[in-house]
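Here is the structure we will look at.
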Amino acid sequence: MKVLITGGLGYIGSHTAVELSSKGHECFIVDNLINSNRDVFNRIEMLGKHPISLMMVDLLDQKALADVFRRFKFDAVIHFAGLKAVGESVKNPLLYYEHNLMSTLNLLKEMKKANVKKLVFSSSATVYGDLSTPPITEDAPTSIINPYGQTKLMVEEILTDLAQSDPEWSTALLRYFNPIGAHPSGLLGENPNGIPNNLMPYLTQVAKGKREYLSIFGNDYPTHDGTGVRDYIHVMDLAEGHVKALIYLENNTGAHTFNLGSGRGYSVLDLIKTFEEVNNVHIPYRIVDKRPGDIAVSYADSSKAERELGWRATRGLGEMCEDAWRWEKGLEKSVDKTME
Ligand code: NAD
Ligand code: UDP
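Following my numbering, the numbering of the sequence shown begins with 57 at its first residue and continues without gaps.
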């Protein structure tokens, strides 16, 4: 298949591009480098099996996007591009609504014009908020607690409306749980700007000595050790889920929602302990106040993805920790934005 990957130089997009290319698909990446680095492209090409095209295009630039669709005929699109920092979305909601919604609308309009009607969309388990008791199934009620999550749900609704308006559209709305880990080569991984918000990139920076200690946000949650429980999923498993979703869309029209998680919940202390054991490093930590808006426990019921996509997560927590650490250790100055 000829696949357009928006945001293909980012964390999940880059791993997915390698996976698609390895499976023989032809990949075309558009990215505006707002949260990535040109060097990632060389690494994707090195790891993939086929040449990949890169276009430095901002999805907010409708004309440039129209040009992309004029130049190439795609079979499907995977849409990763967007802003994703929850805290920033609370401080600057207009930026998030404008960026994530306008870029998606521009993309959908160009897809429609070009008669490309297969789309895989990066949604998030954040749409479930705090209403449901895990394991969470796709029909659990949604409850939005920040503007970032609101943009994800709004795009899901737009895609559902689109599929209802025209039976030729096939869309997969993938609700990711907590992606961590890196490509086993150590050449691709997560490289956030500034101080990481998420647990794993913060933890790896502590392991490397870039940060003094890890702050654990609360230890009196109703969990086995008091710290928050999440469903961590290896980014390579997630990448494989996108390939399965594309194949599914070849034979299924309509809008289809899938949870992509491992189905297992681990606490912050579980993650620290596993990381220390498999990598033989020490992670200093301190217990601090809870982070506002955090929920106690979240993990997926991913049986629908297993049944309908033939996909399930196969990599365990130890492998996620090993791969994340290999990546962090090998981060060179050329791609290490936090050292700039
Ligand atoms: P990322 O920031 O690493 O990747 C996004 C990429 O999109 C970046 O390379 C960025 O430069 C590019 N981009 C952003 N806006 C653009 C625009 N207007 N035009 C062109 N390129 C643009 O993020 P990620 O972690 O790879 O996440 C990918 C998607 O998955 C996002 O939509 C995110 O909201 C969603 N998601 C991520 C997580 C997670 O924990 N990483 C969890 C759930 C959902
Ligand atoms: N967490 C933590 N310290 C950090 C970052 C996160 O204790 O520096 C906790 C957080 O409270 C949650 C878990 O780690 O229980 C995962 O947090 P992350 O931000 O990675 O994902 P999300 O909360 O969005 O699921």
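Just so it is clear, CB atoms sit at the ideal spot from N, CA and C, and this is done for glycine as well.
Nearest neighbour of residue i, chosen from the options [CA to CA]
i, options, result
"K208", "E224, A137 and G242", "A137"
"I351", "C83, T189, R382 and L157", "T189"
"E364", "C83, H312 and F273", "H312"
"K264", "Y67, D114 and N336", "N336"
"I85", "H106, E75 and V113", "V113"
"K58", "L175, K169, L218 and V334", "L175"
"T260", "G237, N171, F273 and D281", "G237"
"A301", "R368, L270 and V124", "R368"
"K74", "K168, G274 and H106", "The identity of residue 74 in the sequence shown is Val, whereas the question assumes Lys. Of the candidates K168, G274 and H106, the one whose C-alpha sits nearest the C-alpha of V74 is H106."
"L161", "I214, T198 and S109", "I214"
"N93", "P248, T283, N307 and R371", "P248"
"M256", "H290, I201, D117 and T370", "H290"
"V378", "F128, S358 and E332", "Per the sequence presented here, residue 378 reads as Glu, with Val not at that position. Comparing Cα positions, the closest option is E332."
"I251", "Q206, P240, G143 and M111", "G143"
"K346", "L151, V324 and L65", "V324"
"D276", "L270, E268, V285 and Y269", "V285"
"D117", "S109, I108 and N156", "N156"
"T279", "S354, L243, I339 and L316", "S354"
"I339", "L243, Y269 and E82", "Y269"
"A170", "K119, E362, F128 and D326", "F128"
"T216", "L243, P197, F177 and N254", "F177"
"I328", "Y152, T283 and S358", "T283"
"A196", "S358, G372 and R320", "S358"
"C83", "I108, L316 and H135", "I108"
"D326", "K147, M292, E362 and G372", "G372"
"E154", "M210, N91, I303 and K168", "M210"
"L150", "K119, M292, E194 and Q206", "Q206"
Expected contact under 8 Å - CB spacing of residue i and residue j to nearest Å
i, j, result
"S179", "L230", "6 Å"
"G104", "S70", "Contact flag wrong, Cβ pair sits at about 10 Å."
"L115", "S159", "4 Å"
"N40", "G349", "Here the chain has residues from 57 to 396 only, and residue 40 is not among them."
"F314", "K266", "About 36 Å separates the two Cβ atoms, so there is no contact after all."
"K79", "V262", "No, K79 and V262 are not in contact; Cβ-Cβ is about 36 Å, not under 8 Å."
According to DSSP, residues forming a beta bridge with residue i
i, result
"T370", "Note: T370 sits in no beta bridge, so no partner."
"F84", "L60 and S109"
"L271", "The sequence shown places Ser at residue 271, not Leu. R342, per the DSSP bridge assignment."
"T313", "L229"
"Y204", "Beta-bridge pairing links Y204 to no other residue."
"L175", "V133 and T227"
"H290", "I236"
"V124", "For V124, which the question treats as bridged, DSSP gives no partner whatsoever."
"I328", "I328 is not bridged to any residue."
"S323", "V285"
"A196", "According to DSSP, which records beta bridges pairwise, A196 is partnered with nothing at all."
"V142", "Beta-bridge pairing links V142 to no other residue."
"V334", "None, per the DSSP bridge assignment."
"S180", "Y232"
Whether residue i touches residue j by CB criterion (8 Å)
i, j, result
"A356", "A141", "no"
"S226", "G297", "no"
"E287", "S318", "According to the sequence displayed, residue 287 carries Asp and not Glu. Contact: yes."
"F130", "V172", "yes"
"I272", "Y341", "yes"
"I192", "Y184", "yes"
"P235", "L294", "yes"
"V133", "L65", "no"
"A228", "L164", "no"
"E166", "L121", "yes"
"G274", "T330", "no"
"S199", "L187", "yes"
"R382", "G242", "yes"
Residue i classed as buried or exposed, judged by whether at least 16 other C-beta atoms fall within 10 angstroms
i, result
"M376", "buried"
"R99", "buried"
"G63", "buried"
"E384", "buried"
"V96", "buried"
"A380", "buried"
"Q220", "exposed"
"T370", "exposed"
"P223", "exposed"
"M102", "exposed"
"L387", "buried"
"G245", "buried"
"D87", "buried"
"S390", "Its pLDDT being 44, under 50, S390 is placed unreliably by the model, and the measurement read from it follows with that caveat. S390 comes out exposed."
"L89", "exposed"
"V344", "exposed"
"E396", "Confidence is the limiting factor: at E396 the pLDDT is only 33, short of 50, which leaves the residue's position unreliable and the question unanswerable from this model."
"N307", "exposed"
"G316", "Just to set this straight, residue 316 is Leu in the shown sequence, not Gly. Buried, since its Cβ has 16 or more Cβ neighbours within 10 Å."
heavy atom of the ligand PLP below 7 Å from residue i C-beta
i, result
"T182", "No copy of the ligand PLP appears in this structure; the ligands present are the ligand NAD and the ligand UDP."
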